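Peer 1: The structure under discussion is supplied below as structure tokens; questions concerning it will follow.
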Amino acid sequence: MIERSDEERALIAEAERLFPTSTRCLTFDPELNFCVGKAKGSHIWDVSGNEYIDYLLGSGPHLLGHAHPAVLEALRTVPEGGTSHLIINEHAVKLGQKIVEHVPCAEMVSFHSSGSEATFFAMRLARVYRKRDKILKFEGGYHGMNDYAMMSNQWTMGSPPYPKAVPNTHGIPRALNGQVLIAPFNDLEATAAIISEHEDELAGVIIEPVQRTFEPKPGFLKGIREVTANFDIPLIFDEVVTGFRMGLGGAQAAYGITPDLCAIGKAISGGLPLGVLCGRQDIMAIANPKRRLQMLPYSMQTGTFSSNPVCTSVALALIAELEKPGVYERLEEVGTRVRDGLRNAIADSGIEACVTGVPSVFEIWFTKDAPFDHRSAKESDFYKNIRFSDLLLQQGVLKAAEKFFISAVHTDEDIERTIEAFHVSLDQLAKEIS
Ligand SMILES: Cc1ncc(COP(=O)(O)O)c(C=O)c1O
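Each residue of the sequence shown is one higher than the one before, counting from 7 in this note's numbering.
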């Protein structure tokens, strides 16, 4: 039973007065809104002291749980040498080496402050490399908040004919009309046809290798790789979610498909603001400022906080933890048990629902057939998803109505309590809709 203190109620009210943006999970019950008091490992507490098993994990970064000792140790020691200098530092160099060691496409690396920045600069690099403007992305794919990315993402309502894009926010300049082309995820034939038709205008193709929680169908990524390589169009993997989550080499290593460029974020830096762009040497080198002096095509992509020692040292410390034997095996085990538990609870409740994704990040959909792209996902009843998340939260299990993020530090007891909460919540939901 969740009890909310007056202190927490006052903080929530003040947040609503001060902040125009909602940083809360979607809920039907305002009483479930909370203000974080603290978080440790796989658990999070609100200011009133209610405890939740956390499958939101800050929207993905905490693969090894909140406040991991290695992260705290780096934060205790490194800032004594200064927090940002603009000039490179030892931690950034070592992190660059680690990324090149683990991520198949990485020959060169640049550091930024968020996933949105990394995808933004990836698309700019592709434009300079190709001397063309248009970017192809997939319907329902999310690449952050930059104007080029905020097109036909997961919040898109209509179904215009491909390759027409729908902006997902007001405020995108009309000048971008027609600059982003849209293809259906998991439909190689349709995508290849759009790429072939527009090859002479395309600067790059950007894709989440696992789009939200839709796994690529066998042969899909390979086919996209082949058609882009045929036309020498840079293929950009957005691995902001899958990077270091689906293994040290991310989805590209897991599926054996090497893109030209890749954006990484979230799990690499344990909650510190770091975005990584990496990829082929000949494309990445276009960002070298010497090229400006040489009057060569150049992509400018610096930032005040890029490569700062705090974020890069935390990422290095985390990678050292991730490299230890057994970490990814445990992550896979936790995810498989929670996901199987969810599937069993669905079957027992008689509710029409299914689960998509990989063990470390997956989702429930209230529809008969498992979705595989944006349009099939629209068959799902999202209201039931929000209600399910509310019912889980009432029992001390936190997830966003979009994804379950798994960590390697969820305990066996967490798993058991979570599966119990699945049964109670789905049985309750079944009663409500019968
Ligand atoms: C696949 C993907 N790309 C890019 C982003 C944007 O990253 P950030 O929120 O760090 O800007 C996100 C964030 O959720 C994401 O899931």
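The beta-carbon is built from N, C-alpha and C at its ideal position, and this holds for glycine as well. Just so we're clear, the structure is a prediction, and the values are computed from it rather than from any experiment.
(1) Could you tell me whether the segment 359-374 touches the segment 220-230, using the rule of 3 or more Cβ pairs below 8 Å?
(2) Confirm the yes/no value for this check: CB of glutamate 37, any heavy atom of ligand 1, distance under 6 Å.
(3) Secondary structure at phenylalanine 40, three-state DSSP: helix, strand or coil?
(4) Thinking C-alpha only, which one of Ala19, Glu329, Asp153, Cys268 is nearest alanine 76?
(5) For ligand 1, is there a heavy atom less than 6 Å away from the beta-carbon of glycine 277?
(6) May I have the straight-line CA-CA distance separating alanine 98 from glycine 356, to the nearest angstrom?
(7) Give the DSSP-derived three-state secondary structure of methionine 290 in the structure shown.
(8) Output needed for phenylalanine 311: all residues of its chain with C-beta closer than 7 Å, excluding positions within five of it in sequence on either side, in chain order.
(9) Anyone know if the C-beta pair for glycine 285 and leucine 267 falls short of 7 Å?
(10) Should methionine 129 be labelled buried (16 or more other beta-carbon atoms within 10 Å of its own) or exposed?
(11) How should lysine 374 be labelled, buried or exposed, when 16 other C-beta atoms within 10 angstroms of its C-beta is the threshold for buried?
(12) Tell me which residues share the same chain as glycine 47 and place their Cβ nearer than 7 Å to its Cβ, disregarding the 5 neighbours each side in the sequence.
(13) Give the range of the alpha helix (DSSP H) segment to which isoleucine 94 is assigned.
(14) For glycine 64, which residues in the same chain have their Cβ closer than 7 Å to its Cβ, ignoring the five residues on either side in sequence?
(15) Helix, strand or coil, according to DSSP, for isoleucine 188 in the structure here?
(16) Using only the alpha-carbon positions, how far apart do glutamate 339 and arginine 138 sit?
(17) Which residues mark the beginning and the end of the beta strand (DSSP E) in which aspartate 60 is found?
(18) Which one of Ile213, Ser440, Gly402 has the shortest CA to CA distance from leucine 62?
(19) For my contact list, valine 246 and alanine 269 are in at a C-beta cut-off of 8 Å; report their separation, rounded to the angstrom.
(20) At what residue ranges does the segment 326-379 contain a whole run of the beta strand (DSSP E), taking only runs of 3 or more?
(21) Is tyrosine 148 near ligand 1, going by C-beta to nearest heavy atom under 6 Å?
(22) Can you tell me which of Thr27, Pro215, Lys44 puts its alpha carbon nearest to the alpha carbon of glutamate 14?
(23) Tell me whether the beta-carbon of valine 172 lies closer than 7 Å to the beta-carbon of glycine 164.
(24) Let me check you understand the geometry: is the CB of valine 246 closer than 6 Å to at least one non-hydrogen atom of ligand 1?
(25) Would you mind giving the Cβ-Cβ distance between alanine 155 and threonine 197, rounded to the nearest angstrom? I have them listed as a contact below 8 Å.
(26) Spell out a yes or no on whether the segment 142-159 and the segment 173-193 are touching, meaning 3 or more CB-CB pairs, one atom from each, closer than 8 Å.
(27) Under a Cβ-count criterion, where at least 16 other Cβ atoms within 10 Å of its own Cβ denotes burial, should aspartate 379 be classed as buried or exposed?
(28) Whole angstroms are fine: how far does the CA of isoleucine 425 sit from the CA of glycine 309?
(29) Which of helix, strand or coil does DSSP assign to isoleucine 178?
(30) Measure the Cβ-Cβ separation of alanine 376 and asparagine 391 and say whether it is below 7 Å.
(31) In the structure shown, what three-state DSSP assignment does isoleucine 213 receive?
(32) Quick check: is any heavy atom of ligand 1 less than 6 Å from the C-beta of glycine 271?
(33) Please report the straight-line C-alpha distance between leucine 241 and threonine 318, rounded to a whole angstrom.
(34) Would you give the residue range spanned by the beta strand (DSSP E) that leucine 142 belongs to?
(35) Which stretch, first to last residue, makes up the beta strand (DSSP E) that contains alanine 4?
(36) Below 6 Å, is the gap between the Cβ of glycine 256 and the nearest heavy atom of ligand 1?
Peer 2: This is what the structure holds:
(1) yes
(2) One-based indexing of the sequence shown puts residue 37 at position 31. No, the beta carbon of glutamate 37 sits no closer than 6 Å to any heavy atom of ligand 1.
(3) In the sequence shown, residue 40 corresponds to position 34, counting from 1. Looking at phenylalanine 40 - three-state DSSP - the assignment turns out to be coil, as it is neither helix nor strand.
(4) Residue numbering aside, residue 76 sits at position 70 when the sequence shown is read from its first letter. Checked all of Ala19, Glu329, Asp153, Cys268; the closest Cα to alanine 76 is Glu329.
(5) The residue you call residue 277 lines up with position 271 of the sequence shown. No.
(6) Translated into the one-based positions of the sequence shown, residue 98 becomes position 92. Translated into the one-based positions of the sequence shown, residue 356 becomes position 350. Computed Cα separation, rounded: 52 Å.
(7) On the sequence shown, position 284 is the one that residue 290 refers to. Here methionine 290 sits in helix by DSSP.
(8) Here residue 311 corresponds to residue number 305 of the sequence shown, with the count starting at 1. Once the five neighbours on either side are set aside, the close Cβ partners of phenylalanine 311 are Ser90, Ser119.
(9) Looking up residue 285 in the sequence shown gives position 279. Looking up residue 267 in the sequence shown gives position 261. Contact: yes.
(10) Taking the sequence shown and counting its residues from 1, one reaches residue 129 at position 123. Classification for methionine 129: buried.
(11) Here residue 374 is taken as the residue at index 368 of the sequence shown, counted from 1. Under this definition lysine 374 is an exposed residue.
(12) Taking the sequence shown and counting its residues from 1, one reaches residue 47 at position 41. Counting only Cβ-Cβ distances below 7 Å, and skipping sequence neighbours, we find Gly71, His72, Val415.
(13) Residue mapping note: residue 94 aligns to position 88 of the sequence shown, counting from 1. First-last for isoleucine 94: undefined, no H or E at that position.
(14) Taking the first residue of the sequence shown as position 1, residue 64 is located at position 58. For glycine 64, where only same-chain residues beyond five positions count, the Cβ hits under 7 Å are Gly277.
(15) Within the sequence shown, the letter at position 182 stands for residue 188. Three-state DSSP puts isoleucine 188 in a strand.
(16) To locate residue 339, count along the sequence shown from 1; it is residue 333. To locate residue 138, count along the sequence shown from 1; it is residue 132. Each residue's alpha carbon lies about 45 Å from the other.
(17) In the sequence shown, residue 60 corresponds to position 54, counting from 1. That run of the beta strand (DSSP E) goes 57-60.
(18) Within the sequence shown, residue 62 is the residue found at index 56, counting from 1. Checking every option, the nearest Cα to that of leucine 62 belongs to Gly402.
(19) Residue mapping note: residue 246 aligns to position 240 of the sequence shown, counting from 1. Residue mapping note: residue 269 aligns to position 263 of the sequence shown, counting from 1. Contact holds; Cβ gap of about 6 Å.
(20) 360-364, 367-371
(21) Reading the sequence shown from its first residue, position 142 is the one you call residue 148. For ligand 1, at least one heavy atom lies less than 6 Å from the Cβ of tyrosine 148.
(22) On the sequence shown, residue 14 is found 8 positions in, with the first residue counted as 1. Comparing Cα-Cα distances from glutamate 14 to each of Thr27, Pro215, Lys44, the minimum goes to Lys44.
(23) Translated into the one-based positions of the sequence shown, residue 172 becomes position 166. Translated into the one-based positions of the sequence shown, residue 164 becomes position 158. Cβ distance < 7 Å, so valine 172 and glycine 164 count as in contact.
(24) Sequence index remark: in the sequence shown, residue 246 carries index 240 (1-based). Checking the Cβ of valine 246 against ligand 1 gives yes.
(25) For the purposes of this step, residue 155 is taken as residue 149 along the sequence shown, with counting starting at 1. For the purposes of this step, residue 197 is taken as residue 191 along the sequence shown, with counting starting at 1. That pair is no contact at about 18 Å.
(26) yes
(27) For the purposes of this step, residue 379 is taken as the residue at position 373 of the sequence shown. Result: buried.
(28) Stepping through the sequence shown from its first residue, residue 309 is reached at position 303. Stepping through the sequence shown from its first residue, residue 425 is reached at position 419. Cα-Cα distance, rounded: 44 Å.
(29) One-based indexing of the sequence shown puts residue 178 at position 172. If DSSP states are grouped into helix, strand and coil, isoleucine 178 belongs with coil.
(30) Residue numbering aside, residue 376 sits at position 370 when the sequence shown is read from its first letter. Residue numbering aside, residue 391 sits at position 385 when the sequence shown is read from its first letter. Not in contact: alanine 376 and asparagine 391 (Cβ atoms no closer than 7 Å).
(31) Position 207 of the sequence shown, counted from the start, is the residue given in the question as residue 213. If DSSP states are grouped into helix, strand and coil, isoleucine 213 belongs with the strands.
(32) Taking the first residue of the sequence shown as 1, we reach residue 271 at position 265. Yes, the Cβ of glycine 271 comes within 6 Å of a heavy atom of ligand 1.
(33) In the sequence shown, residue 241 corresponds to position 235, counting from 1. In the sequence shown, residue 318 corresponds to position 312, counting from 1. Approximately 26 Å between the Cα atoms of the pair.
(34) As a working mapping, residue 142 is identified with position 136 in the sequence shown. Segment 140-144, the beta strand (DSSP E) holding leucine 142.
(35) The requested residue 4 is not part of the displayed model; the chain covers only 7 to 440.
(36) Translated into the one-based positions of the sequence shown, residue 256 becomes position 250. No, Cβ of glycine 256 sits at least 6 Å from all heavy atoms of ligand 1.
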